[in-house]
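Colleague: Input: one structure, supplied below.
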Amino acid sequence: MIVGVPKEIKTHEYRVGMTPAGVAELVGGGHTVLLEQGAGEGSGFADETYRG
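To convert, note that position 18 of the sequence shown is 21 in the working numbering; the numbers rise steadily by one, no gaps.
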């Protein structure tokens, strides 16, 4: 399965659809996760934390 995580575009909306732990869980299960650059920044997650 391929899952996409977009960056939020609404004003004053800082949530992200998936945490780095959630991405790791899906990737570990053989899935592909496509994360828009900067998607986790509003929630304090840098792009690098999703790659680990």
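Heads up, the beta-carbon is just placed ideally off N, CA and C, and yes, glycines get one too.
These figures come from a predicted structure and were not determined experimentally.
When you compare each of L29, K10, Q40 to M4 by their alpha carbons, which one comes out closest?
Modeller: By 1-based counting over the sequence shown, the position of residue 4 is 1. Ranking the options by Cα distance to M4, first place goes to L29.
Colleague: Hey, quick one: how far does the alpha helix (DSSP H) through T14 stretch, first residue to last?
Modeller: If you number the sequence shown from 1, residue 14 lands on position 11. Neither: T14 is in no alpha helix (DSSP H) and is coded neither H nor E.
Colleague: For R54, tell me which candidate among L38, E16, S46 has the shortest Cα-Cα distance.
Modeller: In the sequence shown, counting from the first residue as 1, residue 54 sits at position 51. Of the listed residues, the one whose Cα sits closest to R54 is L38.
Colleague: For G41, collect the residues of the same chain with a Cβ closer than 8 angstroms to its Cβ; drop the 5 residues on either side in sequence, then sort them by chain order.
Modeller: Counting from one through the sequence shown, the residue named residue 41 turns up at place 38. Answer for G41: K10, D50, listed in chain order.
Colleague: State buried or exposed for G43, treating a residue as buried only when at least 16 other CB atoms are found within 10 Å of its CB.
Modeller: To locate residue 43, count along the sequence shown from 1; it is residue 40. Looking at its Cβ environment, which holds 16 or more other Cβ atoms inside 10 Å, G43 is buried.
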